[in-house]
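A.B. asks: Encoded as structure tokens, here's the structure I'll be asking about.
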Amino acid sequence: MDTSVSDIKTRVIEIIAEQAVLEPSDVTMDSTLEDLGIDSLGLVESIFAIEEAFDISVPFNANAPQESEFDITSVASILDGIEKLVAEQHG
Amino acid sequence: MKRVVITGAGTINSLGHSVPETLEAMREGRSGIGELDIPDVDRLAIKIGGQVRGYEPEDRFNRQQLALYDRFTQFTLIAAREAIAQAGLEFSGNLAARAGVVLGNSGGGMTTLDENYRTVYEAGKNRVHPFVVPKLMNNAAASHVSMEFNLKGPSFTVSTACASSNHAMAQAFQLVHGGAAPVMITGGSESMLCFGGVKAWEGLRVMSKDGCRPFSANRNGMVQGEGAGIFVFEELEHAKKRGAEILAEVGGFAMSSDAADIVMPSKNGAARAIKGAIKDARLNCSDVGYINAHGTGTAANDKTESAAVADVFGAHADKLLMSSTKSMHGHLIGGTGAVELLACIMAVRDGVIAPTINYEEPDPECALDVVPNVAREAKVDVALSNAFAFGGLNAVLALKRFA
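Chains as they are written, first to last, in my numbering: chain Z, 62 to 152; chain E, 269 to 671.
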């Protein structure tokens, strides 16, 4: 699988945009999920799509999002987390 | 309208294989939750559950029966045998013609489904056992109870996810209360602790990997359980006439729908069901001494439920006791309200309040007396049992000490 950093970014933004029913160009690095109108169920669905896209396992518990190792504060932090997970799990 | 009393109770769950065993575990604050012992557990992220232990189906049922009884049906029949034996009822003639069985469950024969999917998809076989359909159908348990005990009146199954048993018991109550049936067998069961069942729940990211800690600030999700709880609901005069022992009176119930979200709970929907049950039982808020909480141990449920209780009861919320026995037996999904009704019976009949175990850190958003970790003695006249299901379907029952 081609998992260069720019490919990861493109694919993650596509997934988030699809969930938010927006164009990828509307998703910026500092957007929060709230800004994008993604609720808790939408987040869980996005994480599933990300896991499937990169064949990784994302440690995320909807009960304690702040305690999960996976930071969902913004698109940038989500992308950061995914890059790390891809490197750890496929490195 | 007829008064409705409970004259028999039965159960099998991770805390015990009978009502006395279960109540003893609740009094002692024991946990039935542990490592799951199921095929392919190594492929699960969630490896714990409230499994029924030390249970050999072959000890309770013969080979022909087991060919037809999924695990949820087995649990139901074991609990029904205990409940009906305690009630001392035999169903024949007019009583048999009018008595029925209303049960709740959510997943039906999920173990059967799981095993047979393995057969056709994993093992690639093109043939399954001929009884797959009658074994897995959601009404199988209710039907087998009707057959084993000769119940020929109104019988059906209610499926409203985590509120299934409470909705079922509300229907049974209504049938006896309105005079349609002198006796109804009711409650519910669940058995989805199989690979596919746990895997499906895992996907939602609401399960805890390490334990069920309702109302505790460090809670991190629900833990599934399995089992059954079955009761005999009987019209008071019918019970008195035959000198039956009365465990408690069912005062009333209410149901409501959030009409809002498929998974997130609503304070308003929960509050309306709680308020409605109190009103239906012709009681005041101040009469309620104990609430068996829905208390799943998820972030969302526990704070929403606490807020709903605070709203309904006002200042009285600080006086009442509310515990989640899911901390001990896990979340039995469609069967959970039935097992939890046992804690309500123990509260009104024995004056013992089952604790919320694993309570470690107070949460300001759940600032009620949740009977942390240790059971407590308290004289309780009225107990409520809350159930708030996915899909926003709520059902609350009111139980009264029989006097």
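Idealized CB from N, CA, C, for every residue including glycine.
1) When the cut-off is 8 Å and only beta carbons count, does residue 102 (chain Z) lie next to chain E?
2) Taking the alpha helix (DSSP H) that residue 385 (chain E) falls in, what are its first and last residues?
3) Find out if the Cβ-Cβ distance for the pair residue 73 (chain Z), residue 473 (chain E) is shorter than 8 Å.
4) Answer with buried or exposed for residue 627 (chain E), where buried requires no fewer than 16 other C-beta atoms within 10 angstroms of its C-beta.
5) Just checking my contact of residue 124 (chain Z) with residue 641 (chain E) at CB under 8 Å: how many whole Å lie between their CB atoms?
6) For a minimum of 3 consecutive residues, which ranges assigned as the beta strand (DSSP E) are wholly contained in the segment 500 to 580 of chain E?
7) For the segment 321 to 376 of chain E, list the alpha helix (DSSP H) runs that are entirely contained and at least 4 residues long, ordered along the chain.
8) Mind checking residue 428 (chain E): buried by the 16 CB within 10 Å criterion, or exposed?
9) Can you check DSSP and say which residues form a bridge with residue 492 (chain E)?
10) Taking Cβ-Cβ distances shorter than 8 Å, what residues in chain E pair up with residue 109 (chain Z)?
11) Going by C-alpha to C-alpha distance, which of E:404, E:386 and E:275 sits closest to residue 335 (chain E)?
12) Taking the alpha carbon of residue 551 (chain E) as the point to measure from, which residue in E:369, E:269 and E:521 has its own alpha carbon closest?
13) Taking C-beta pairs closer than 8 Å, name the residues in chain Z that residue 567 (chain E) reaches, listed in chain order.
14) For residue 568 (chain E) and residue 363 (chain E), I'd like the C-alpha separation in whole angstroms.
15) Taking buried to mean at least 16 other C-beta atoms within 10 Å of its own C-beta, is residue 599 (chain E) buried or exposed?
16) Is residue 271 (chain E) helix, strand or coil by DSSP?
17) Tell me where the beta strand (DSSP E) around residue 134 (chain Z) begins and ends.
18) Could you confirm whether any beta carbon from chain E is found closer than 8 Å to the beta carbon of residue 105 (chain Z)?
19) Using 8 Å as the cut-off, can you tell me whether the segment 619 to 634 of chain E makes contact with the segment 290 to 299 of chain E, which would need three or more C-beta pairs spanning the two stretches below that distance?
20) So, is the C-beta of residue 489 (chain E) closer than 8 Å to a C-beta in chain Z?
21) Just mark residue 285 (chain E) as buried or exposed, buried being the case when its beta carbon has 16 or more other beta carbons within 10 Å.
22) Anyone know if the C-beta pair for residue 545 (chain E) and residue 613 (chain E) falls short of 8 Å?
23) Have a look at the DSSP bridge pairing and note the partners of residue 640 (chain E).
24) Does the distance from the C-beta atom of residue 279 (chain E) to that of residue 665 (chain E) stay below 8 Å?
25) Return helix, strand or coil for residue 657 (chain E), following the three-state DSSP convention.
26) Using 10 angstroms around the beta-carbon of residue 583 (chain E), count the other beta-carbons present and answer buried if the total reaches 16, otherwise exposed.
27) Of all the CB atoms in chain Z, is at least one closer than 8 Å to the CB of residue 254 (chain E)?
28) In angstroms, rounded to a whole number, what distance separates the CA positions of residue 103 (chain Z) and residue 81 (chain Z)?
29) Are the Cβ atoms of residue 341 (chain E) and residue 409 (chain E) separated by less than 8 Å?
30) Does the distance from the C-beta atom of residue 594 (chain E) to that of residue 565 (chain E) stay below 8 Å?
31) Just checking, does the segment 451 to 460 of chain E make contact with the segment 385 to 401 of chain E on the three C-beta pairs under 8 Å criterion?
32) With respect to the alpha helix (DSSP H) encompassing residue 613 (chain E), which residues constitute its N-terminal and C-terminal limits?
33) Would you list the residues sitting across from residue 645 (chain E) in a DSSP beta bridge?
34) Would DSSP call residue 458 (chain E) helix, strand or coil?
35) Is residue 647 (chain E) near residue 519 (chain E), with beta carbons less than 8 Å apart?
C.D. replies: Based on what the coordinates show:
1) Your numbering for residue 102 (chain Z) matches position 41 in the first sequence. Cβ-Cβ to chain E under 8 Å: yes for residue 102 (chain Z).
2) Position 117 of the second sequence, counting from 1, holds the residue named residue 385 (chain E). 378 to 385 is the extent of the alpha helix (DSSP H) around residue 385 (chain E).
3) For the purposes of this step, residue 73 (chain Z) is taken as residue 12 along the first sequence, with counting starting at 1. For the purposes of this step, residue 473 (chain E) is taken as residue 205 along the second sequence, with counting starting at 1. No, the pair does not count as a contact, with Cβ atoms beyond the cut-off.
4) Counted from its first residue, the second sequence places residue 627 (chain E) at position 359. Buried, by the Cβ-count rule.
5) On the first sequence, residue 124 (chain Z) is found 63 positions in, with the first residue counted as 1. On the second sequence, residue 641 (chain E) is found 373 positions in, with the first residue counted as 1. The Cβ separation is near 21 Å, so there is no contact.
6) 516 to 525 and 556 to 560
7) 325 to 328, 331 to 336, 339 to 355 and 361 to 366
8) On the second sequence, position 160 is the one that residue 428 (chain E) refers to. Label assigned to residue 428 (chain E): buried.
9) Residue numbering aside, residue 492 (chain E) sits at position 224 when the second sequence is read from its first letter. Partner(s): E:599.
10) Taking the first sequence and counting its residues from 1, the one referred to as residue 109 (chain Z) is at position 48. Here the neighbours are 471.
11) Taking the second sequence and counting its residues from 1, one reaches residue 335 (chain E) at position 67. Of the listed residues, the one whose Cα sits closest to residue 335 (chain E) is E:404.
12) Reading the second sequence from its first residue, position 283 is the one you call residue 551 (chain E). Comparing Cα positions, the closest option is E:521.
13) Stepping through the second sequence from its first residue, residue 567 (chain E) is reached at position 299. Neighbours of residue 567 (chain E) on chain Z, chain order: 123, 124 and 125.
14) Reading the second sequence from its first residue, position 300 is the one you call residue 568 (chain E). Reading the second sequence from its first residue, position 95 is the one you call residue 363 (chain E). Taking the straight line joining both Cα atoms gives about 45 Å.
15) Counting from one through the second sequence, the residue named residue 599 (chain E) turns up at place 331. With 16 or more Cβ atoms within 10 Å of its Cβ, residue 599 (chain E) is classed as buried.
16) Indexing the second sequence from 1 puts residue 271 (chain E) at position 3. Looking at residue 271 (chain E) - three-state DSSP - the assignment turns out to be coil, as it is neither helix nor strand.
17) Working through the first sequence from its first residue, we reach residue 134 (chain Z) at position 73. Where residue 134 (chain Z) is concerned, there is no enclosing beta strand (DSSP E), given that its DSSP letter is neither H nor E.
18) As a position in the first sequence, residue 105 (chain Z) is number 44, starting the count at 1. It does: the Cβ of residue 105 (chain Z) has a partner Cβ on chain E nearer than 8 Å.
19) yes
20) The sequence position of residue 489 (chain E) within the second sequence is 221, counting from 1. Chain Z, which has a Cβ nearer than 8 Å to the Cβ of residue 489 (chain E), makes this yes.
21) In the second sequence, residue 285 (chain E) corresponds to position 17, counting from 1. By the neighbour-count criterion, in which 16 or more other beta carbons inside 10 Å mark a residue as buried, residue 285 (chain E) falls on the buried side.
22) Position 277 of the second sequence, counting from 1, holds the residue named residue 545 (chain E). Position 345 of the second sequence, counting from 1, holds the residue named residue 613 (chain E). No, they are not a contact pair.
23) Residue 640 (chain E) sits at position 372 when you count from the first residue of the second sequence. According to DSSP, residue 640 (chain E) bridges with E:624.
24) What you label residue 279 (chain E) is simply residue 11 of the second sequence in a count that begins at 1. What you label residue 665 (chain E) is simply residue 397 of the second sequence in a count that begins at 1. No, these two residues do not count as a Cβ contact at 8 Å.
25) Residue numbering aside, residue 657 (chain E) sits at position 389 when the second sequence is read from its first letter. Looking at residue 657 (chain E) - three-state DSSP - the assignment turns out to be strand.
26) Sequence index remark: in the second sequence, residue 583 (chain E) carries index 315 (1-based). Exposed: under 16 other Cβ atoms inside 10 Å.
27) Shown here, chain E extends from 269 to 671; a query on residue 254 (chain E) therefore has no answer.
28) Counting from one through the first sequence, the residue named residue 103 (chain Z) turns up at place 42. Counting from one through the first sequence, the residue named residue 81 (chain Z) turns up at place 20. Looking at the two C-alpha atoms, the distance is approximately 8 Å.
29) Locating residue 341 (chain E) in the second sequence gives position 73, counting from the first residue. Locating residue 409 (chain E) in the second sequence gives position 141, counting from the first residue. Going by C-beta atoms, residue 341 (chain E) is nearer than 8 Å to residue 409 (chain E).
30) Here residue 594 (chain E) refers to the residue found at position 326 when the second sequence is read from its first residue. Here residue 565 (chain E) refers to the residue found at position 297 when the second sequence is read from its first residue. Cβ atoms of residue 594 (chain E) and residue 565 (chain E): closer than 8 Å.
31) no
32) On the second sequence, position 345 is the one that residue 613 (chain E) refers to. Unbroken alpha helix (DSSP H) run through residue 613 (chain E): 604 to 613.
33) Numbered from its first residue, the second sequence carries residue 645 (chain E) at position 377. According to DSSP, which records beta bridges pairwise, residue 645 (chain E) is partnered with E:620.
34) Against the second sequence, residue 458 (chain E) aligns to sequence position 190. In this structure, residue 458 (chain E) counts as strand in the three-state DSSP scheme.
35) Here residue 647 (chain E) is taken as the residue at index 379 of the second sequence, counted from 1. Here residue 519 (chain E) is taken as the residue at index 251 of the second sequence, counted from 1. The answer is no: Cβ separation not under 8 Å.
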